[in-house]
Amino acid sequence: MVHACQSGHPGGSLGCTEFFVALYFEIMKHDKAFNMDGKGEDLFFLSNGHISPVWYSTLARAGYFDVAELATFRKLNTRLQGHPATHEHLPGVRVASGSLGQGLSVSIGAAQTKKLNNDDRLVFTLMGDGEQQEGQVWEAAMYAAHNKIDNIVATIDFNGQQIDGPVDKVLSLYDLKAKWKAFGWEVIESNGNDLEEVIKTLKHAISLTRKGKPVMNLMKTEMGYGVDFMVGTHKWHGIAPNDEQLADALSQLEETVGDY
Amino acid sequence: MTKYTFTDKKDTRSGFGDGLLELGRKNSSVVGLCADLTGSLKMGDFQKEFPNRFFQMGIAEANMMGVAAGMTIGGMIPFTGTFANFSTGRVYDQIRQSIAYSGKNVKICASHAGLTLGEDGATHQILEDVGMMKMLPGMTVIVPCDYNQTKTATIALGDHVGPAYLRFGRPGWPVFTAPDRPFEIGKADKMIAGKDVTIFANGHMVWQAIEAEAILAEKGISVELINLHTIKPLDEDAIIKSVSKTGCAVTCEEHQMNGGLGDSVAQTLTRFHPAPIEMVAVNDSFGESGKPMDLLKKYGLSPENIVSAVEKVIGRK
Chain G
-8 MVHACQSGHP GGSLGCTEFF VALYFEIMKH DKAFNMDGKG EDLFFLSNGH
42 ISPVWYSTLA RAGYFDVAEL ATFRKLNTRL QGHPATHEHL PGVRVASGSL
92 GQGLSVSIGA AQTKKLNNDD RLVFTLMGDG EQQEGQVWEA AMYAAHNKID
142 NIVATIDFNG QQIDGPVDKV LSLYDLKAKW KAFGWEVIES NGNDLEEVIK
192 TLKHAISLTR KGKPVMNLMK TEMGYGVDFM VGTHKWHGIA PNDEQLADAL
242 SQLEETVGDY
Chain R
204 MTKYTFTDKK DTRSGFGDGL LELGRKNSSV VGLCADLTGS LKMGDFQKEF
254 PNRFFQMGIA EANMMGVAAG MTIGGMIPFT GTFANFSTGR VYDQIRQSIA
304 YSGKNVKICA SHAGLTLGED GATHQILEDV GMMKMLPGMT VIVPCDYNQT
354 KTATIALGDH VGPAYLRFGR PGWPVFTAPD RPFEIGKADK MIAGKDVTIF
404 ANGHMVWQAI EAEAILAEKG ISVELINLHT IKPLDEDAII KSVSKTGCAV
454 TCEEHQMNGG LGDSVAQTLT RFHPAPIEMV AVNDSFGESG KPMDLLKKYG
504 LSPENIVSAV EKVIGRK
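Same order as they appear, the protein sequences are chains G and R. According to the numbering used here, the residues represented by the first sequence are -8 to 251, in order. According to the numbering used here, the residues represented by the second sequence are 204 to 520, in order.
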């Protein structure tokens, strides 16, 4: 997708593939006959909207829309906008994201409405680690704990990279686990690039819901996981591979889906 | 000739608070969110009667806008409450992405707008909010004129689908419209019929225009006064129809000239019915501390300023 339009964000997308597969194929109760209100369903909100390629790929393969539509990514008149949007009515997307720091607040609102509606399903959300530099994240963190929003499982893609370099060099998060704990959240740590472990972690996270605290999953990943020349570097945050790099990358992935 | 008087002064923010309470009784999907200004926004009665549908957000407006957007998913109708400054400028990106672009049914209710906030000064006297909000695609923007109209507009928003911005103020202000006066979002309200000039006003400036009309009537000038409470969607037909008759227009608003009501009326007239126009508005300036009426006078928003603008625009016909 990113290669076809020569723009987009491959690094973070590859690092979170296992998370998306686990969420949509093992964890969430969700309906591909998309309904914005999602009553009786688990909901997912992507806050770091720039990793839209992996989300769109997952949604297509989960049956929300035709896989062939992935080829329209970032092209004129597409429903697959560069960053996720509801404006073109792409099934599976419930709010626009891209400007960072906003998704957790939206997820908390959706979780509160679930409580008001006596809907016992959960809300899942994913943020980036660089995104933790946005102040709104901490407003939301404070609010969720204070109000015992315990029907939410938030995950941070903890890959240590952001556009301008390693997070620790750009603006250090220091002890992120201690920070979320101090804000009143139940915090777990996990490895995000092992599918079995991600599934296990998310099931564990779900077991911690409904106990008076919001749940945070600090998920260590490697940006660009699965493609050797993309792994662990911020350089592949937001650039597209050329023809040669694409062939190289696809040859490294054991189960490349041949339908793209 | 229609004459407007008042026996009572009430703040428009109380119109919002009372409207929200009444709406809450009618519609169980209505929820209130407030960023540590429950008393100032007059949301206390709603909070008391519907504690489970009221959400204290703390001094965290960005989160409030995001939570409101999220609450719509599943059918709630959130009404957010804080000062106009913190309802717009502080959270513009949150409104733009999570509410407007996402098409969420959030009602952004903003008090203490404009110079008439008074003594708190320019940090809080936002005069750019209408411009910011009207530029957002799909955003409805309403500036009601008195307590009764603010209450009616608040209740009307319960049936309106889509993002909306409702702007009101702090000071006690003449209550001159009847509680049952018809109000329709997007429909201009002709308050006085006349033939020499059309005055388009909204918010507190409608009363200023009523006072100006009395002075002008004594001078033999017949004023048509239109309350353009909805800036977006704009009732272009009403503007064109009236100015086709009167031949000139004066706009009055408690807002910057750039981006406000005058700007919208001027766009309409320029495109569809070119005619002389004068604008009574704050002209590229911040406000300052002071009493509301003194501030309106100092910044050129008094009835006398409207009279001068009318005389000038008629001279340009």
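We treat Cβ as the ideally placed atom computed from N, Cα and C, and that holds for glycine.
Residue i - containing alpha helix (DSSP H), residue span
i                     : result
residue 507 (chain R) : 506 to 518
residue 261 (chain G) : With chain G running from -8 to 251 in the structure shown, residue 261 (chain G) is simply not present.
residue 189 (chain G) : 186 to 198
residue 472 (chain R) : 464 to 475
residue 49 (chain G)  : 43 to 52
residue 266 (chain R) : 264 to 274
residue 410 (chain R) : 408 to 421
residue 171 (chain G) : 167 to 173
residue 75 (chain G)  : No alpha helix (DSSP H) holds residue 75 (chain G); DSSP gives it neither H nor E.
residue 357 (chain R) : 350 to 360
residue -5 (chain G)  : -7 to -4
Closest Cα partner of residue i within the set the options
i                     : options                    : result
residue 211 (chain R) : R:480, R:394, R:378        : R:378
residue 130 (chain G) : R:331, R:297, R:256        : R:297
residue 307 (chain R) : R:356, R:364, R:349        : R:364
residue 407 (chain R) : R:295, R:345, R:246, R:206 : R:345
residue 279 (chain R) : G:104, G:96, G:29          : G:104
residue 461 (chain R) : R:334, R:510, R:205        : R:334
residue 99 (chain G)  : R:474, R:371, R:275        : R:275
residue 279 (chain G) : G:170, G:177, G:214        : There is simply no residue 279 (chain G) to check, as chain G begins at -8 and stops at 251 in what is shown.
residue 253 (chain R) : R:411, R:229, R:269        : R:229
residue 16 (chain G)  : G:5, G:27, G:33, G:2       : G:33
residue 188 (chain G) : G:141, G:2, G:211, G:31    : G:211
residue 135 (chain G) : G:168, G:119, G:177, G:109 : G:177
residue 213 (chain R) : R:256, R:342, R:371        : R:371
residue 207 (chain R) : R:409, R:493, R:249        : R:409
residue 388 (chain R) : R:435, R:416, R:418        : R:435
residue 181 (chain G) : G:38, G:154, G:-5, G:10    : G:10
residue 350 (chain R) : R:375, R:367, R:361, R:362 : R:375
Host beta strand (DSSP E) of residue i (start-end)
i                     : result
residue 331 (chain R) : Per DSSP, residue 331 (chain R) belongs to no beta strand (DSSP E) and is neither H nor E.
residue 212 (chain R) : 212 to 214
residue 145 (chain G) : 143 to 149
residue 181 (chain G) : 177 to 182
residue 212 (chain G) : No beta strand (DSSP E) holds residue 212 (chain G); DSSP gives it neither H nor E.
residue 281 (chain R) : 280 to 286
residue 457 (chain R) : 452 to 459
residue 310 (chain R) : 310 to 314
Short Cβ contact (9 Å threshold) for residue i with residue j
i                     : j                     : result
residue 458 (chain R) : residue 478 (chain R) : no
residue 264 (chain R) : residue 290 (chain R) : yes
residue 281 (chain R) : residue 310 (chain R) : yes
residue 273 (chain R) : residue 355 (chain R) : no
residue 427 (chain R) : residue 396 (chain R) : yes
residue 183 (chain G) : residue 146 (chain G) : yes
residue 85 (chain G)  : residue 20 (chain G)  : no
residue 269 (chain R) : residue 238 (chain R) : no
residue 325 (chain R) : residue 490 (chain R) : yes
residue 451 (chain R) : residue 369 (chain R) : no
residue 267 (chain R) : residue 294 (chain R) : yes
residue 301 (chain R) : residue 87 (chain G)  : yes
residue 55 (chain G)  : residue 75 (chain G)  : no
residue 36 (chain G)  : residue 126 (chain G) : no
Beta-carbon neighbours of residue i, restricted to chain R and to distances below 9 Å
i                     : result
residue 188 (chain G) : Correct list: empty, because the minimum Cβ distance to chain R is about 29 Å.
residue 291 (chain G) : Residue 291 (chain G) cannot be examined here, being either before or after the span of chain G that is shown, -8 to 251.
Contacts of residue i in chain G (Cβ-Cβ under 7 Å)
i                     : result
residue 304 (chain R) : 76, 78, 87
residue 266 (chain R) : 96, 127, 130, 131, 134
residue 445 (chain R) : Correct list: empty, because the minimum Cβ distance to chain G is about 35 Å.
Beta-carbon separation (whole angstroms), residue i vs residue j, contact threshold 8 Å
i                     : j                     : result
residue 50 (chain G)  : residue 63 (chain G)  : At roughly 13 Å, the Cβ-Cβ gap does not stay under 8 Å, so residue 50 (chain G) and residue 63 (chain G) are not in contact.
residue 481 (chain R) : residue 405 (chain R) : With 8 Å as the limit, residue 481 (chain R) and residue 405 (chain R) do not qualify as a contact, their Cβ atoms being about 16 Å apart.
residue 314 (chain R) : residue 271 (chain R) : Actually they do not touch by this definition, with Cβ atoms about 16 Å apart.
residue 204 (chain G) : residue 139 (chain G) : 7 Å
residue 472 (chain R) : residue 446 (chain R) : 6 Å
residue 92 (chain G)  : residue 122 (chain G) : 6 Å
residue 231 (chain G) : residue 58 (chain G)  : Residue 231 (chain G) to residue 58 (chain G), Cβ: 20 Å. No contact.
residue 449 (chain R) : residue 392 (chain R) : Not really, about 17 Å apart at Cβ, beyond 8 Å.
Partner residues on chain G for residue i, Cβ-Cβ distance less than 9 Å
i                     : result
residue 297 (chain R) : 90, 92, 93, 96, 127
residue 488 (chain R) : By Cβ distance, chain G contributes nothing, its closest Cβ being about 30 Å from residue 488 (chain R), past 9 Å.
Partners in chain R for residue i, counting only beta-carbon separations shorter than 7 Å
i                    : result
residue 99 (chain G) : 270, 273
Chain-ordered neighbours of residue i on chain R, where CB pairs are closer than 8 Å
i                     : result
residue 29 (chain G)  : 276, 277
residue 105 (chain G) : 277
residue 110 (chain G) : 277
Contact list for residue i against chain G, beta-carbon separation under 8 Å
i                     : result
residue 394 (chain R) : Correct list: empty, because the minimum Cβ distance to chain G is about 38 Å.
residue 260 (chain R) : 134
residue 250 (chain R) : The premise fails here: residue 250 (chain R) is roughly 15 Å from chain G at the closest Cβ pair, so nothing lies under 8 Å.
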